[in-house]
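K.L.:
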Amino acid sequence: MSINNSNTLSRINSPKTTYQYDQFDKNFIRERVAEFREQVRRRLDGSLTEEEFRPFRLMNGLYLQLHAYMLRVAIPYGTLTSQQMRRLAEIADRWDKGYGHFTTRQNLQYNWPKLIDTPDILEALAEVDMHAIQTSGNCIRNVTADHFAGVAADEIEDPRPTAEFLRQWSSAHPEFSFLPRKFKIAITGATHDRAATLAHDIGLRLVQNASGDIGYCVIIGGGLGRSPFIGKIIREYVPRAALLAYLEAIMRVYNRYGRRDNKYKARIKILVHEKGIETIRAAVEKEFAAMDHTAFQQDTQEFERVAASFAPPPYETLPSESSKLTKARLETPAFDHFVSVNVSKHKIAGYAIVTVSLKPINGIPGDATSHQMCVLADACDRFGFGELRVSHEQNIILPHVKKDDLYTLWQTLDAADLATANAGLVSDIISCPGLDYCSLATARSIPIAQAISLRFSDMARQRRIGKLGIKISGCINACGHHHIGAIGVLGLEKKGQESYQITLGGDPGFSASIGEILGPGVSADQVPEVIEHLVDFYLAERQENEAFIDTWRRLGHARFKDVLRREGEDGADI
Amino acid sequence: MTKFKHPQILLASNLKDGEVVFLGHNGWERDFRHARIAKSQEEAQILETIGKTDYSANIIVDVYLTDVEITDDGAPRPLHYREKMRIKGPSVRHDLGKQARGAPDEH
Numbered sequence: 024m025s026i027n028n029s030n031t032l033s034r035i036n037s038p039k040t041t042y043q044y045d046q047f048d049k050n051f052i053r054e055r056v057a058e059f060r061e062q063v064r065r066r067l068d069g070s071l072t073e074e075e076f077r078p079f080r081l082m083n084g085l086y087l088q089l090h091a092y093m094l095r096v097a098i099p100y101g102t103l104t105s106q107q108m109r110r111l112a113e114i115a116d117r118w119d120k121g122y123g124h125f126t127t128r129q130n131l132q133y134n135w136p137k138l139i140d141t142p143d144i145l146e147a148l149a150e151v152d153m154h155a156i157q158t159s160g161n162c163i164r165n166v167t168a169d170h171f172a173g174v175a176a177d178e179i180e181d182p183r184p185t186a187e188f189l190r191q192w193s194s195a196h197p198e199f200s201f202l203p204r205k206f207k208i209a210i211t212g213a214t215h216d217r218a219a220t221l222a223h224d225i226g227l228r229l230v231q232n233a234s235g236d237i238g239y240c241v242i243i244g245g246g247l248g249r250s251p252f253i254g255k256i257i258r259e260y261v262p263r264a265a266l267l268a269y270l271e272a273i274m275r276v277y278n279r280y281g282r283r284d285n286k287y288k289a290r291i292k293i294l295v296h297e298k299g300i301e302t303i304r305a306a307v308e309k310e311f312a313a314m315d316h317t318a319f320q321q322d323t324q325e326f327e328r329v330a331a332s333f334a335p336p337p338y339e340t341l342p343s344e345s346s347k348l349t350k351a352r353l354e355t356p357a358f359d360h361f362v363s364v365n366v367s368k369h370k371i372a373g374y375a376i377v378t379v380s381l382k383p384i385n386g387i388p389g390d391a392t393s394h395q396m397c398v399l400a401d402a403c404d405r406f407g408f409g410e411l412r413v414s415h416e417q418n419i420i421l422p423h424v425k426k427d428d429l430y431t432l433w434q435t436l437d438a439a440d441l442a443t444a445n446a447g448l449v450s451d452i453i454s455c456p457g458l459d460y461c462s463l464a465t466a467r468s469i470p471i472a473q474a475i476s477l478r479f480s481d482m483a484r485q486r487r488i489g490k491l492g493i494k495i496s497g498c499i500n501a502c503g504h505h506h507i508g509a510i511g512v513l514g515l516e517k518k519g520q521e522s523y524q525i526t527l528g529g530d531p532g533f534s535a536s537i538g539e540i541l542g543p544g545v546s547a548d549q550v551p552e553v554i555e556h557l558v559d560f561y562l563a564e565r566q567e568n569e570a571f572i573d574t575w576r577r578l579g580h581a582r583f584k585d586v587l588r589r590e591g592e593d594g595a596d597i
Numbered sequence: 509m510t511k512f513k514h515p516q517i518l519l520a521s522n523l524k525d526g527e528v529v530f531l532g533h534n535g536w537e538r539d540f541r542h543a544r545i546a547k548s549q550e551e552a553q554i555l556e557t558i559g560k561t562d563y564s565a566n567i568i569v570d571v572y573l574t575d576v577e578i579t580d581d582g583a584p585r586p587l588h589y590r591e592k593m594r595i596k597g598p599s600v601r602h603d604l605g606k607q608a609r610g611a612p613d614e615h
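Sequence order for the protein chains is A and B. Numbering-wise (this note's numbering), the first sequence opens with residue 24 and increments by one. Numbering-wise (this note's numbering), the second sequence opens with residue 509 and increments by one.
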């Protein structure tokens with residue numbers, strides 16, 4: 024059932040800056056939709072049992088959650104066109120409840136689709152070159168990337184061509200469709216890690232060798248969940264021409280030796296931990312040397328074909344400073360704060376990267392209404408070459424905005440409740456859906472995020488505190504990345520009640536670390552208060568320009584634990 | 509079967525649309541207040557048997573018994589907060605789920 028219309032397909036000011044599906048891609052996803060439509064029909068008429076059908080629906084991103092089915096749509100490497108964003112909004116209105124949830128893996132989740140409608144939804148996605156394939160199941164999942172890819176001032180190379188190259192390689196790869204467990208790959212091309220590469224099964228960093236050639240530093244065995252591990256470098260440099268072959272060697276070693284007897288020990292991180300990185304490295308190198316490389320001989324040309332799709336947009340030649348911007352900042356303090364907090368340096372003079380926060384005070388992290396999606400689509404058509412990004416931090420990025428246009432853009436965003444100036448601040452909280460939606464959750468996470476956000480609702484205070492990552496998960500699976508939050512919150516069940524464990528010292532960047540548990544779990548009501556005490560202590564102790572994580576590292580965990588003990592003694596009931 | 513400690517109701521998800529449903533006296537109900545309450549292990553086993561039959565008949569999925577208490581008006585109220593959530597909808601969006609259609613506004 025098509026919902027094609029001229030509104031969806033119009034892309035004003037929209038050059039081709041990202042990968043365009045060719046006929047092969049289009050045929051592939053349309054065939055998958057037709058296949059799933061038939062599977063749904065057979066499920067409904069009883070030809071397929073639930074046990075038989077479940078793997079099929081999961082392969083197409085369809086889960087059964089607490090209140091309804093949930094469809095997880097892939098947004099490869101977080102890149103969306105305005106046309107695609109409009110289509111997501113239309114689907115939300117037509118088949119869901121008028122909103123979507125942007126996730127920590129650059130996907131979008133609909134929380135209320137009906138099974139009987141899902142084939143139509145997938146067909147509507149296919150019309151704009153989108154799908155939900157491999158957003159679930161024991162396969163290589165959506166490849167994620169730095170959300171500032173291609174525009175960051177600190178970038179060695181745009182990681183998106185590599186991410187697309189990997190998407191094509193990993194989609195329906197027959198050898199890797201039944202892995203011991205799910206498998207997540209993230210890539211960055213910058214000197215700052217905005218993709219949490221050390222917390223993935225494979226992390227890739229674009230690097231330059233001594234000869235100036237660009238290749239990949241390959242990291243394996245990172246991951247969060249029940250047993251968190253920071254990834255380890257398996258090879259400092261893999262030439263581009265050998266990337267797929269080397270990754271296949273890793274996947275083969277994992278496929279062969281990864282545990283299938285215990286799902287909690289089946290991720291590659293456990294294999295690396297149990298065998299040791301040296302043993303795994305030796306096994307991978309042996310496989311890499313022994314494998315038939317014939318199939319990879321066209322990789323370089325294929326990469327170049329893919330990379331050609333990611334041409335930079337037709338930037339204007341502009342002065343690096345904008346007098347229009349300077350004037351607007353002086354005249355409008357709220358806009359000035361927005362620019363200070365949500366606008367980042369672009370590699371092209373006269374342009375800026377804008378982070379649109381999906382974390383309004385007391386809002387639901389990552390949720391956007393269909394109206395907001397349309398506002399964002401229109402805004403990027405008008406101001407940003409029709410391209411958007413989704414960050415793993417659950418925000419939306421307009422990657423190419425002229426500095427001269429920032430004020431008008433801000434007014435547009437503000438009118439749609441999209442101008443919260445908190446990117447990276449204490450209320451820019453990452454949160455999984457938790458027990459409000461998720462059938463795996465052991466506690467709610469969204470209300471905790473809302474309560475913290477309300478506690479720190481004074482924006483001036485937030486700016487004084489500075490960058491501080493709070494991440495909340497509603498269960499040990501850690502979709503909210505709590506392990507790598509400077510302050511992490513994990514919701515658990517304790518004696519039939521929701522209980523929250525707080526961790527400190529997590530870091531998602533190149534200096535990645537897993538947070539340490541602060542103490543016994545606290546109740547939902549206590550979480551904001553505990554965090555406020557920790558933040559107050561940090562403010563009192565921090566040195567100039569010192570981030571929370573650096574103060575924690577300098578003073579040590581025990582000093583922060585002492586804060587709560589003292590507060591408890593003072594009768595603060597913590 | 510685990511030892512019977514509390515009254516129980518049988519809940520599941522409707523196959524076609526995924527909505528939470530409760531086994532009532534006349535089939536599957538979308539309002540938990542119409543759920544049939546098992547007050548003994550034997551009654552709970554009867555509910556489970558019906559659930560298994562309807563699961564096999566492709567009417568419902570994810571079927572299980574949950575402990576409840578019986579309120580003054582005779583309606584069941586789940587004891588665990590997870591099922592308290594399921595009978596209503598998301599606690600952060602009162603405009604969504606069963607609560608939006610007038611299910612009781614309390615857990």
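Yeah, the Cβ is synthetic: ideal placement off N, Cα and C, and Gly gets one too.
1. Does any residue of chain B have a CB that is nearer than 8 Å to the CB of A/Asp-459?
2. Between the segment 411–431 of chain A and the segment 455–465 of chain A, are three or more C-beta pairs nearer than 8 Å?
3. Which term fits A/Arg-279, buried or exposed, when burial requires 16 or more other beta carbons within 10 angstroms of its beta carbon?
4. Please report the residue range of the alpha helix (DSSP H) in which A/Asp-143 lies.
5. What distance in whole Å lies between the Cβ atoms of A/Ala-289 and A/Pro-203, which are believed to be in contact at a cut-off of 8 Å?
6. Using the rule of at least 16 other Cβ atoms within 10 Å of the residue's Cβ for burial, across every protein chain shown, is A/Leu-477 buried or exposed?
7. To which residues of the same chain is A/Ile-237 closer than 8 Å at the C-beta, ignoring the five residues directly before and after it?
8. Which residue's Cα is closest to the Cα of B/Val-456: B/Ser-521, B/Val-529, B/Phe-540, B/Val-528?
9. Quick check: the Cα distance between A/Ser-367 and A/Asp-216, rounded to an integer number of angstroms?
10. Taking Cβ-Cβ distances shorter than 7 Å, what residues in chain B pair up with A/Arg-467?
11. Need the endpoints of the beta strand (DSSP E) that A/Lys-425 sits in, please.
12. Taking 8 Å as the cut-off, decide whether the C-beta atoms of A/Asn-130 and A/Asn-165 are in contact.
13. Anything in chain B within Cβ reach of A/Pro-470, meaning under 7 Å, just list it in chain order.
14. In three-state terms, what does DSSP make of A/Cys-397?
15. Using the C-alpha atoms, what's the distance from A/His-394 back to A/Arg-109?
16. Where does the unbroken alpha helix (DSSP H) through A/Tyr-86 begin, and where does it stop?
17. Span of the alpha helix (DSSP H) holding A/Tyr-287?
18. Return the residues of the segment 553–586 of chain B that lie within a Cβ-Cβ distance of less than 9 Å from chain A, sorted by chain order.
19. If contact means a Cβ-Cβ distance below 7 Å, which residues of the segment 521–535 of chain B contact chain A?
20. Of the choices B/Val-529, B/Asp-580, B/Arg-590, whose alpha-carbon is the least far from that of B/Asp-562?
21. Just to confirm, does A/Asn-365 get its C-beta within under 7 Å of one of the non-hydrogen atoms of the ligand FAD?
22. So B/Leu-604 contacts chain A; which residues on that side make the cut at Cβ distance below 7 Å?
23. Is A/Phe-571 buried or exposed, if buried means 16 or more other CB atoms sit within 10 Å of its CB?
24. Near A/Ala-213, which residues of its chain fall below 6 Å by C-beta distance, leaving aside the five closest residues on each side in sequence?
25. My parser needs the beta strand (DSSP E) runs of 3 or more residues fully inside the segment 167–220 of chain A; what are they?
26. Per DSSP, A/Asp-451 is paired with what?
27. Leaving aside the five residues before and after A/Ile-387 along the sequence, list all residues of the same chain whose C-beta is less than 6 Å from its C-beta, in chain order.
28. So, A/His-124 versus A/Gly-389, is the Cβ gap smaller than 8 Å?
29. Contact defined as beta carbons within less than 8 Å: I believe A/Leu-527 pairs with A/Leu-491. What is the distance between those atoms, to the nearest angstrom?
30. Suppose the cutoff is 7 Å on Cβ atoms and the five residues either side in sequence are ignored; what does the same chain contact list for A/Tyr-161 look like?
31. Considering only the beta carbon of each residue, do A/His-223 and A/Ala-233 sit closer than 8 Å?
32. For B/Phe-530, list the residues DSSP reports as bridge partners.
33. Please classify A/Gln-599: does DSSP put it in a helix, a strand, or coil?
34. Determine the chain B residues that contact A/Gln-473 at a beta-carbon separation under 8 Å, and present them in chain order.
35. Rounded to whole angstroms, what's the CA-CA distance from A/Pro-336 to A/Asp-68? Just pull it up for me.
36. Kindly list, in the order they appear in chain E, the residues whose Cβ is closer than 7 Å to that of A/Tyr-92.
P.N.:
To lay it out plainly:
1. Yes, because at least one Cβ of chain B sits closer than 8 Å to the Cβ of A/Asp-459.
2. Here the segment 411–431 of chain A makes no contact with the segment 455–465 of chain A; the two share fewer than three CB pairs at distances below 8 Å.
3. exposed
4. 141–149
5. 4 Å
6. exposed
7. Excluding positions up to five away in sequence, the list reads Ile-179, Glu-180, Leu-229, Val-230, Gln-231, Arg-263.
8. There is simply no residue 456 of chain B to check, as chain B begins at 509 and stops at 615 in what is shown.
9. 15 Å
10. Ser-599
11. 419–425
12. yes
13. Ser-599, Val-600
14. helix
15. 9 Å
16. Unbroken run through A/Tyr-86 is the beta strand (DSSP E), 85–87; no alpha helix (DSSP H).
17. DSSP places A/Tyr-287 in no alpha helix (DSSP H); its state is neither H nor E.
18. Tyr-563, Ser-564, Ala-565, Asn-566, Val-569, Asp-570
19. Ser-521, Leu-523, Lys-524, Asp-525, Gly-526, Glu-527, Val-528
20. B/Val-529
21. The ligand FAD is not among the ligands present in this structure, which contains no ligands whatsoever.
22. Lys-120
23. buried
24. In its chain, beyond the 5 residues on either side, Asp-169, Ala-175, Asp-177, Glu-178 have a beta carbon closer than 6 Å to the beta carbon of A/Ala-213.
25. Taken in chain order, the complete beta strand (DSSP E) segments of 3 residues or longer contained in the segment 167–220 of chain A are 208–211.
26. Checking the DSSP bridge columns, you'll see A/Asp-451 has no partner listed.
27. Ile-469
28. Yes. Within cutoff.
29. Not confirmed; about 11 Å, so no contact.
30. Residue identity differs from the one stated: residue 161 of chain A is Asn in this sequence, not Tyr. Once the five neighbours on either side are set aside, the close Cβ partners of A/Asn-161 are Phe-201, Leu-202, Pro-203, Arg-204, Lys-205.
31. no
32. B/Leu-519, B/Glu-537
33. The structure shown has nothing for residue 599 of chain A, since chain A only spans 24 to 597.
34. Val-600
35. Straight-line Cα distance between these residues: approximately 50 Å.
36. Among the chains of the structure shown, chain E does not appear; the protein chains present are A and B.
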